[in-house]
Each structure stands twice: as structure tokens, then as C-alpha cells.
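Reading through the C-alpha cells given below for one structure.
Number of protein chains: 2
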Amino acid sequence: MNDQDNPRLDAETKVAEVDHKAELRLWLRLLTCTTLIEAEVRRRLRRRFDETLPRFDLMAQLERVDTGMTLGEVSRRMMVSAGNVTSLVDRLVKAGYVERRPAPNDRRSQLIRLSHRGREHFGRMAAAHEQWVAELLADLSERDLAATMERLAKVKDSVSAAIARAGREEK
Amino acid sequence: MNDQDNPRLDAETKVAEVDHKAELRLWLRLLTCTTLIEAEVRRRLRRRFDETLPRFDLMAQLERVDTGMTLGEVSRRMMVSAGNVTSLVDRLVKAGYVERRPAPNDRRSQLIRLSHRGREHFGRMAAAHEQWVAELLADLSERDLAATMERLAKVKDSVSAAIARAGREEK
DNA sequence: TTGAGATATTTTAATCTTAAACGATTTTCG
DNA sequence: CGAAAATCGTTTAAGATTAAAATATCTCAA
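Protein chains in written order, with our numbering: chain A, 1 to 171; chain B, 172 to 342.
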């Protein structure tokens with residue numbers, strides 16, 4: 001499976017650029033891990049709480065901030081588009097889990113926060129969610145967890161820096 | 172930020188279950204890394220090739236297998252639902268990048284593969300894609316890459332095993 | 001052989017998601 | 001001040017995604 005052992009690939013790719021298969025493999029493995037966990041969490045949220053992952057994620061953002069949060073803040077934190085947040089919030093408001101109110105200083109803006117009912121609903125799910133993730137990562141020791149965190153910190157820093165560079169060059 | 176330092180959380184969670192914040196944090200970091208990379212790749216695919224990530228991913232699955240692949244195989248490899256693959260393939264067939272033909276032994280099934288045009292199209296994107304990922308992970312040394320791969324192998328194994336257990340218990 | 005169960009794909013309905021365009025408001029700065 | 005630029009949220013159109021039900025076919029064992 002090592003590309004160094006594959007003369008055909010060598011010959012074809014050596015034309016213009018060096019080989020970056022190791023980076024590619026890392027990215028694919030990262031994606032696999034995330035997709036596996038995400039799919040399982042989604043399945044359990046649906047089955048046990050009849051709830052979807054995006055709604056859970058949005059409520060998770062709101063949970064820590066009692067005073068409320070603007071839609072833009074939610075959008076940045078969740079790393080999803082603004083239009084997405086608009087419709088997601090619409091549905092959560094309709095379900096009675098989230099409340100909107102105008103922002104004090106900015107008439108373009110509004111603050112959203114969990115309703116009392118939303119807070120209870122989320123609390124139940126969050127407890128289960130934490131157990132699920134622990135169950136999925138149960139074979140990792142405390143040291144494994146710490147070491148993997150550090151590795152991923154490096155990944156995150158590298159990616160963030162590269163994106164910042166790309167954004168700067170785009171102008 | 173350490174939960175051991177937070178007496179309120181301690182008091183509330185100690186009722187029934189131990190603390191699993193380390194696992195939760197790891198999951199969130201994993202998700203952040205993946206989301207960052209994914210969003211940037213998506214942006215570049217769109218900008219430079221007017222192409223979407225799911226279409227790219229599907230073509231990537233088809234690329235290695237010249238003889239063709241069933242929809243079910245694609246669905247399992249991409250870890251997405253079967254219905255999703257159906258519509259994705261429909262669009263790629265319409266675009267002329269993918270061909271369908273009946274499977275030889277099974278009349279329920281069909282084999283899909285890249286058309287000549289699809290192969291060329293994908294080849295161009297794949298080369299750029301590999302460069303992009305390498306750029307995003309540029310701050311990781313060869314040793315970093317290898318070590319992170321190993322860490323993620325453990326994560327993947329743990330998650331897979333837990334999902335298998337859960338599936339077995341579900342019956 | 002035949003019927004039960006498994007498998008492959010499609011369809012449907014609802015939700016999620018993005019990118020892009022838009023209107024309203026605020027901020028910046030000459 | 002006042003115009004230009006930035007920001008906030010929404011809308012729109014297209015596509016992506018899932019879960020669940022439906023259809024067709026296959027497999028296997030009684």
C-alpha cells in the first residue's frame with residue numbers, strides 16, 4: 001500500500017510535484033473517524049430523543065450563554081452558513097426550545113437563547129451524549145486521550161494558519 | 172477550563188455517572204479539525220472547478236476500480252445512505268462523468284464507473300486536491316503525520332468496536 | 001419448490017446545507 | 001457630515017442528506 005513501492009504512480013506524479021500521499025491519508029483517516037462518530041451519534045439522537053444532530057449542536061452552542069447570542073455568533077461557532085442558522089433557529093423557535101429577542105444596541109441583530117423547556121430538553125440529551133462519546137472512545141486510556149488531543153491541536157493549528165494565509169492572499 | 176476545578180459541575184454530575192469531559196473534548200476537537208479542512212476543500216473545489224465535495228468524493232471512490240462498482244458498495248465506502256447515492260449518481264450521469272450498466276449476475280444491481288470524460292475531470296481535481304491537503308497540513312513533519320495516523324488508528328478502532336457492540340446488542 | 005428473509009435500489013418527505021443576492025443597519029474614514 | 005464599506009439577518013435556488021417505506025430480486029433451507 002506504500003506509494004514508494006508503486007513505480008507507476010512514481011512515474012506519473014513525479015512530473016511536476018512531490019508526493020503528498022501521507023497528508024492525504026491522514027486527512028482521509030480523520031474524516032473516517034469523524035464520520036463514524038457523527039453517524040452513530042446522529043442515529044442515537046434520533047432513536048432515543050427523536051432529535052437531529054444540527055439541532056442538538058445549535059442548542060449546545062446556546063447552552064453556556066445565558067444572556068443570549070446573535071445568529072452570526074452561532075454561525076461562526078458552528079462553522080455553518082448564516083442562512084443555515086436562520087432556518088435552524090426558525091424550527092427550534094417553533095418547537096419552543098429557543099427564544100428570540102431584539103439585540104439592545106443593534107437593530108439588525110437579535111439575541112437567541114434556550115427557553116426553559118429547551119434547557120431541560122437539551123440537558124437530558126447532553127448527559128446521554130456525553131455517555132455515548134465516552135462509550136465510543138472507551139478503548140482509549142487517559143494518556144491516549146491526552147496525546148491525541150495534542151496531535152489534533154497541531155493539526156488544527158496547521159490548518160488554521162494555512163487558511164489564514166490563503167485568505168490573506170485572496171485579498 | 173478543567174472540569175476538576177469546577178465544583179458546580181462536580182456536584183451535579185456526580186450523582187449517577189463519572190466524568191467524561193476528556194472524551195467529549197477530544198470528539199469536539201476532532202470535529203473541528205474535520206470541519207475546518209472540509210469547508211476549505213469545499214470552497215476551493217467550488218471556486219476552481221465549479222464542483223461540489225460530495226460529487227468529488229463519489230468520483231474518488233470510483234477512480235480506483237476500472238471494472239465498476241455497485242451503488243451499495245459506494246454507499247458503504249462513503250458511509251452515506253443508499254438513497255443519497257442514487258441521486259448523486261443521477262446527477263453525475265447527467266453531467267457525463269459516470270456511466271451505469273447492469274450488473275452481470277444480479278438484476279437488482281448495476282455497476283457504475285467513471286466515463287473517460289469523468290476520469291479526466293477527476294484527475295485534474297485530484298491533483299489539486301492533494302496539493303490543498305498538503306498545504307493545509309504543511310506544518311506537520313513526517314513524524315507528526317505518522318504519529319497522528321497512529322493515534323487516529325486507535326480512535327477508529329475504539330469507535331468501530333463500540334459501534335459493533337452496540338449493533339450486536341440491538342439485535 | 002416455495003416461501004421467508006435478506007439484499008439492492010429507488011422513492012418520498014422532511015430537513016439540512018451552501019452560495020449568492022438582497023435589504024437594512026451600522027461603522028469607518030475622508 | 002456623508003459616502004463607501006462592512007456587518008446582520010433573510011431569502012432563494014439548487015443540491016445533499018437522512019430515515020423509512022416500497023419494489024424488485026436473490027438466497028437458502030425446509
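Backbone N, C-alpha and C define an ideal beta-carbon position, used for all residues, glycine too. Being a predicted model, the structure only gives us computed values, none of them experimental.
Go through the region 17–56 of chain A residue by residue and report every complete run of the alpha helix (DSSP H) that reaches 4 residues or more, in order.
For the region 17–56 of chain A, whole alpha helix (DSSP H) runs of length 4 or above, ordered along the chain, are 21–49.
Would you say MET69(A) lies against chain B (beta-carbon separation less than 8 Å)?
For the purposes of this step, residue 69(A) is identified with residue 69 of the first sequence, where counting begins at 1. Not one chain B Cβ lies under 8 Å of MET69(A).
Grab me the residues of THR52(A)'s own chain with a C-beta within less than 8 Å of its C-beta, minus the 5 sequence neighbours each way, in chain order.
Here residue 52(A) corresponds to residue number 52 of the first sequence, with the count starting at 1. Excluding residues within five positions, the ones whose Cβ falls inside 8 Å are ARG42, LEU45 and ARG46.
Residues of chain B with CB under 8 Å from SER75(A), in chain order?
Walking along the first sequence from the start, residue 75(A) turns up at place 75. Neighbours of SER75(A) on chain B: none; closest Cβ ~12 Å, over 8 Å.
At a CB-CB cut-off below 7 Å, which residues of chain A make contact with LEU233(B)?
Walking along the second sequence from the start, residue 233(B) turns up at place 62. None at all; the shortest Cβ gap to chain A is about 16 Å.
Rounded to whole angstroms, what is the Cα-Cα separation between LEU30(A) and ARG219(B)?
Locating residue 30(A) in the first sequence gives position 30, counting from the first residue. Locating residue 219(B) in the second sequence gives position 48, counting from the first residue. One C-alpha to the other measures close to 24 Å.
At what residues does the alpha helix (DSSP H) containing LEU71(A) begin and finish?
Your numbering for residue 71(A) matches position 71 in the first sequence. LEU71(A) -> alpha helix (DSSP H) spans 71–78.
Beta-carbon within less than 6 Å of VAL155(A)'s beta-carbon, same chain only, minus the 5 sequence neighbours each way: which residues are those?
The residue you call residue 155(A) lines up with position 155 of the first sequence. Same-chain partners within the cutoff: there are none.
What number of angstroms, rounded off, separates the C-alpha of ASP139(A) from the C-alpha of GLU150(A)?
The sequence position of residue 139(A) within the first sequence is 139, counting from 1. The sequence position of residue 150(A) within the first sequence is 150, counting from 1. If I take the Cα positions, the gap works out to 18 Å.
Contact criterion: CB-CB distance below 8 Å. Does GLN302(B) meet it with respect to chain A?
On the second sequence, residue 302(B) is found 131 positions in, with the first residue counted as 1. Answer yes: the Cβ-Cβ gap between GLN302(B) and chain A drops below 8 Å somewhere.
By a C-beta neighbour count over all protein chains shown, 10 Å radius and 16 as the cutoff for buried, is GLN4(A) buried or exposed?
Here the question's residue 4(A) lines up with position 4 in the first sequence. Confidence at GLN4(A) is low in this model, with a pLDDT of 44, below 50, so its placement is unreliable and no value can be given for it.
Based on the DSSP output, what are the partners of GLY99(A) in its beta bridges?
In the first sequence, the residue the question calls residue 99(A) occupies position 99. The question names Gly, but residue 99(A) is Glu in the sequence shown. ARG113(A), per the DSSP bridge assignment.
With distance defined between alpha-carbon atoms, name the residue in ARG262(B), GLU211(B), GLU209(B) and ILE208(B) nearest to MET230(B).
Here residue 230(B) refers to the residue found at position 59 when the second sequence is read from its first residue. Closest option to MET230(B), Cα to Cα, is ARG262(B).
Could you check if VAL189(B) is buried or exposed, using at least 16 other CB atoms within 10 Å of its CB as the buried criterion?
Counting from 1 along the second sequence, the entry for residue 189(B) is found at position 18. Burial call: exposed.
At a CB-CB cut-off below 7 Å, which residues of chain B make contact with ALA162(A)?
Here residue 162(A) refers to the residue found at position 162 when the first sequence is read from its first residue. In chain order: GLU306, LEU307 and ALA309.
Which residues in the same chain as GLU23(A) place their Cβ atom closer than 8 Å to its Cβ, once the five residues preceding and following it in sequence are excluded?
In the first sequence, residue 23(A) corresponds to position 23, counting from 1. Counting only Cβ-Cβ distances below 8 Å, and skipping sequence neighbours, we find nothing.
Look at the alpha carbon of ARG100(A) and the alpha carbon of SER109(A), and state the distance between them as a whole number of angstroms.
Along the first sequence, read from residue 1 onward, the residue named residue 100(A) stands at position 100. Along the first sequence, read from residue 1 onward, the residue named residue 109(A) stands at position 109. C-alpha separation (whole angstroms): 10 Å.
Give the range of the alpha helix (DSSP H) segment to which ALA309(B) is assigned.
Here the question's residue 309(B) lines up with position 138 in the second sequence. Taken as a continuous stretch (DSSP letters only), ALA309(B) belongs to no alpha helix (DSSP H), as it is neither H nor E.
Does VAL182(A) get closer than 8 Å to chain B when you measure Cβ to Cβ?
Absent from the model: residue 182(A). The displayed extent of chain A is 1 to 171, so no value can be given.
If you draw a straight line from the C-alpha of ASP237(B) to the C-alpha of GLN61(A), how long is it?
Looking up residue 237(B) in the second sequence gives position 66. Looking up residue 61(A) in the first sequence gives position 61. About 45 Å.
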